[in-house]
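Participant: Residue numbers (my numbering), protein chains in the order written: chain A, 47 to 158; chain B, -8 to 512.
C-beta atoms are modelled at their ideal positions from N, C-alpha and C, and glycine is treated no differently.
#1: Assign residue 404/B to one of two classes, buried (16 or more other C-beta atoms within 10 Å of its C-beta) or exposed (fewer than that).
#2: Quick one: what's residue 52/A bridged to in DSSP?
#3: From the DSSP output, read off the bridge partner residues of residue 273/B.
#4: Compare the C-beta of residue 131/A with all C-beta atoms of chain C and state if any pair is closer than 9 Å.
#5: Is residue 156/B near residue 221/B, with beta carbons less than 9 Å apart?
#6: Just the chain A side, please: which residues come within less than 7 Å of residue 345/B by C-beta, in chain order?
#7: Quick check on residue 148/B: buried or exposed, where buried means 16 or more other Cβ atoms within 10 Å of its Cβ?
#8: How would you call residue 301/B, buried or exposed, if buried means at least 16 neighbouring beta carbons within 10 angstroms?
#9: Output needed in chain order: residues of the segment 370 to 397 of chain B with a Cβ under 7 Å from some Cβ in chain A.
#10: Quick check on the burial criterion: 16 or more other C-beta atoms within 10 angstroms. Buried or exposed for residue 237/B?
#11: At 9 Å on the CB atoms, spell out the chain A contacts of residue 281/B, in chain order.
#12: Anything in chain A within Cβ reach of residue 350/B, meaning under 9 Å, just list it in chain order.
#13: Pick out whichever of 85/A, 60/A, 96/A has its Cα sitting closest to the Cα of residue 342/B.
#14: Whose CA, out of 36/B, 488/B, 489/B, 471/B, lies closest to the CA of residue 202/B?
#15: If we cut at 9 Å on Cβ distances, does residue 533/B have a partner in chain A?
#16: So the alpha helix (DSSP H) residue 353/B belongs to, where does it begin and stop?
#17: Of the choices 469/B, 430/B, 85/B, 417/B, whose alpha-carbon is the least far from that of residue 446/B?
#18: I want to see whether chain A comes within less than 9 Å of residue 101/B, judged by CB atoms only; does it?
#19: Starting from residue 159/A, follow the alpha helix (DSSP H) in both directions and report where the run begins and ends.
#20: Answer yes or no: do residue 110/A and residue 62/A have a C-beta to C-beta separation smaller than 9 Å?
#21: Given that a residue counts as buried once 16 or more other Cβ atoms are within 10 Å of its Cβ, and exposed if not, what is residue 252/B?
#22: Can you tell me whether residue 89/A is buried or exposed, with buried defined as 16 or more other CB within 10 angstroms of its CB?
#23: Would you report the Cα separation of residue 398/B and residue 242/B, rounded to the nearest angstrom?
#24: Whole-angstrom Cβ separation of residue 255/B and residue 190/B, contact assumed at under 8 Å?
#25: Contact check, residue 51/A vs residue 137/A under 8 Å by CB: the rounded distance?
#26: Would you verify that the beta carbon of residue 313/B is, or is not, closer than 9 Å to some beta carbon of chain A?
#27: Is there a C-beta anywhere in chain A that falls below 9 Å from the one on residue 403/B?
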């Protein structure tokens, strides 16, 4: 099993949820995060003084998938979050040791 | 029908009882319909209120009738004024909410509750102090309140060489000042005092010790505001410049550009000088850094509330509901506020590329502050000009105070109230057009500014403005310096960094955002 962590633009969440649902993964966790990559942040102004918002709000999606679904999941995520501009985000994949469904006590692929 | 638990005879009885009840209801409705034909109502309003409401005893002679009617008319005339002042007091009181929202929105979230508390408690502390001491000092010698009954009760002014300096009657509204007119007058005046007292809570926000603020509240309400107020409104020497020194009608300030706003704004400036800027506001080379407010929408709502209350602030300062100049005053007030808002918005748009919301709000208020002194004496176009100048002036003042003089004013109180309060007092001496003010301060003829030949009025205004600046700056600089030496008026740096809510207030403003709230057993 693999955990896919995708940091994406917050306004893309609805479409991503639909897309993941369609490929069989309706259950995900999202966290509101802040950060920046190579772009330096946003310049705003307050009463004539400029200030820098260093960290830009993004949304992190975490979903655990079966090994064979990994590429399909990443395709969906990339396709639905890409705009072509700086700030589209990043996706990281880590290995998941075990997974358990709390309601039934199922281990392994039955838990996903 | 579902099977009944009761025997048939009991069910029968229930049906019969129901039918009897319905019959009684119908009879009652019919009786009511016909019964009301005895006396008809008045849906058009033409027969409500008339001679039957004025009791003239049977067999009165014509002159007795006339006397009764005269009494009644006089009572109604005064009653209108009572309703007028009462309404005005409520409107001006409501400005507290406007200031609270405005200032809190302009400050950081970690200090929201502290700013709210200073704006709220200034009303509590201020009223108490004004009741015990301030009102007597300010109005003890103002003379008969003609529009509220006209009794000569507040007749003790302390004078030196015939010039009045402060009042000596009416402390704690005791003795003969327990009078309906004086009580209402107190109500109207105390809310003006609170407007002045609440202005420094914005200027000194985010680093002021709450205990120091409490003492400031007493000082402003009991001494500083009343003394200057007496000189202008209480029959004191600035008002006497007309009769005693032939300078126009003496120093005039219709609703308080200087008495209220410049007093508050300049007191705030003195406080800022003693308190110092917020931590991190200025870089080492002196350039200012932005510390954005946390809720500008709420600040804008606060501004709108202030405009609403200002209709009471300016118009009801006629003190007379039958003085129909109030129509002009109210519209002048609105014109200045809107021209000020638009002027500020356009200025910021040109200068920074954005129509700055917080500055537009400040521009609106600057227009209101600036029109507060001249509102009864100028025309519509005069108000538009005064407001437009105020809107630009406030932006220039904010930049100059911050960048040139390193004054850290989180809400722009000094620029809005201090600078524009003084501009308003001067503007009266320029734009007053002679259509109102006959006999004010005991001088015959109407009030004229320099544009209409009233150069002596302008001189009186300049004297008043200079007095205001010197008085407020000397009094408050001394007050804050001495207070700082005795008890320290600024919070400790670590308190300021964490935020004044959790430290001085003991709780955050928005507790639902506190993570892992543990109920302590």
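Facilitator: So, from the data block:
#1: To locate residue 404/B, count along the second chain from 1; it is residue 413. The residue in question, residue 404/B, is buried, as its Cβ has 16 or more Cβ neighbours within 10 Å.
#2: As a working note, residue 52/A is residue 6 in the first chain. DSSP output for residue 52/A lists 107/A, 137/A as bridge partner(s).
#3: If you number the second chain from 1, residue 273/B lands on position 282. Here residue 273/B is bridged, per DSSP, to 279/B.
#4: The chain inventory of the structure shown lacks chain C, comprising the protein chains A and B.
#5: Within the second chain, numbered from 1, the residue matching residue 156/B stands at position 165. Within the second chain, numbered from 1, the residue matching residue 221/B stands at position 230. Closer than 9 Å, so yes.
#6: Translated into the one-based positions of the second chain, residue 345/B becomes position 354. Those within 7 Å of residue 345/B in chain A are 91.
#7: Position 157 of the second chain, counted from the start, is the residue given in the question as residue 148/B. Residue 148/B should be labelled buried.
#8: For the purposes of this step, residue 301/B is identified with residue 310 of the second chain, where counting begins at 1. With 16 or more Cβ atoms within 10 Å of its Cβ, residue 301/B is classed as buried.
#9: Flagged, chain order: 389, 390.
#10: For the purposes of this step, residue 237/B is identified with residue 246 of the second chain, where counting begins at 1. Result: exposed.
#11: Indexing the second chain from 1 puts residue 281/B at position 290. Simply 90, 91, 92, 93, 94, 95, 96, 97.
#12: Looking up residue 350/B in the second chain gives position 359. 93, 94, listed in chain order.
#13: Locating residue 342/B in the second chain gives position 351, where the first residue counts as 1. Ranking the options by Cα distance to residue 342/B, first place goes to 96/A.
#14: For this step, residue 202/B is matched to residue 211 along the second chain. Of all alpha-carbon atoms in 36/B, 488/B, 489/B, 471/B, the one lying nearest the alpha-carbon of residue 202/B is that of 471/B.
#15: Residue 533/B is absent from the model: chain B starts at -8 and stops at 512.
#16: Position 362 of the second chain, counting from 1, holds the residue named residue 353/B. From DSSP, the alpha helix (DSSP H) with residue 353/B extends over 348 to 363.
#17: On the second chain, position 455 is the one that residue 446/B refers to. Residue 446/B has its Cα closest to that of 417/B, out of 469/B, 430/B, 85/B, 417/B.
#18: Position 110 of the second chain, counted from the start, is the residue given in the question as residue 101/B. No, residue 101/B lies away from the interface with chain A (no Cβ there is under 9 Å from its Cβ).
#19: The shown model of chain A, from 47 to 158, leaves out residue 159/A, and the question about it has no answer.
#20: Here residue 110/A is taken as the residue at index 64 of the first chain, counted from 1. Here residue 62/A is taken as the residue at index 16 of the first chain, counted from 1. For the pair residue 110/A and residue 62/A, the CB atoms are not nearer than the 9 Å cut-off.
#21: Here residue 252/B corresponds to residue number 261 of the second chain, with the count starting at 1. Residue 252/B counts as buried, since no fewer than 16 other beta carbons sit within 10 angstroms of its beta carbon.
#22: To locate residue 89/A, count along the first chain from 1; it is residue 43. Exposed.
#23: Here residue 398/B refers to the residue found at position 407 when the second chain is read from its first residue. Here residue 242/B refers to the residue found at position 251 when the second chain is read from its first residue. Take the alpha-carbon of residue 398/B and the one of residue 242/B: they are about 30 Å apart.
#24: Locating residue 255/B in the second chain gives position 264, counting from the first residue. Locating residue 190/B in the second chain gives position 199, counting from the first residue. 3 Å between Cβ atoms; contact.
#25: In the first chain, the residue the question calls residue 51/A occupies position 5. In the first chain, the residue the question calls residue 137/A occupies position 91. Between residue 137/A and residue 51/A the Cβ distance is about 7 Å, and since that is below 8 Å, they are a contact.
#26: Here residue 313/B refers to the residue found at position 322 of the second chain. Chain A places no beta carbon closer than 9 Å to that of residue 313/B, leaving this residue out of the contacts.
#27: The residue you call residue 403/B lines up with position 412 of the second chain. Judged by the 9 Å Cβ criterion, residue 403/B is in contact with chain A.
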